[in-house]
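The block underneath contains the structure these notes are about, expressed in structure tokens.
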Amino acid sequence: MDVQLNCWNESDELKCVVVCSPAEIDVPNQQAAKDVQWEKPVAQEKARKNHQDMINAMEQAGVRVIDYAD
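Printed below as a string of structure tokens:
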């Protein structure tokens, strides 16, 4: 999938965004997701890769990315 990332607020392109790292553990099934009030299960490895891909894309677009976990 080729997605062209754009970061905008109400009036202009964003220069800086704050992100939160994904879960450190898997949320293996729908019941566990419901228990933590998430929409669906999460595979931690896939979530981390997608998160890093998102950060890389924003940084390549010139956006300063701050990870709240740092």
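Under our numbering, the residues of the sequence shown are numbered 685 to 754, in order.
Beta carbons are placed, not taken as given, at the ideal position from N, Cα and C, and that holds for glycine.
query	result
Start and end residues, alpha helix (DSSP H) containing I739	Q728 to Q744
Contact under 8 Å by Cβ, V726 with A707	yes
Given D710 as reference, the closest of V720, G746 and W692 once Cα atoms are compared	V720
Reference N713; option with closest CA among M738, K699, S705 and Q728	Q728
Start and end residues, alpha helix (DSSP H) containing D719	Q714 to D719
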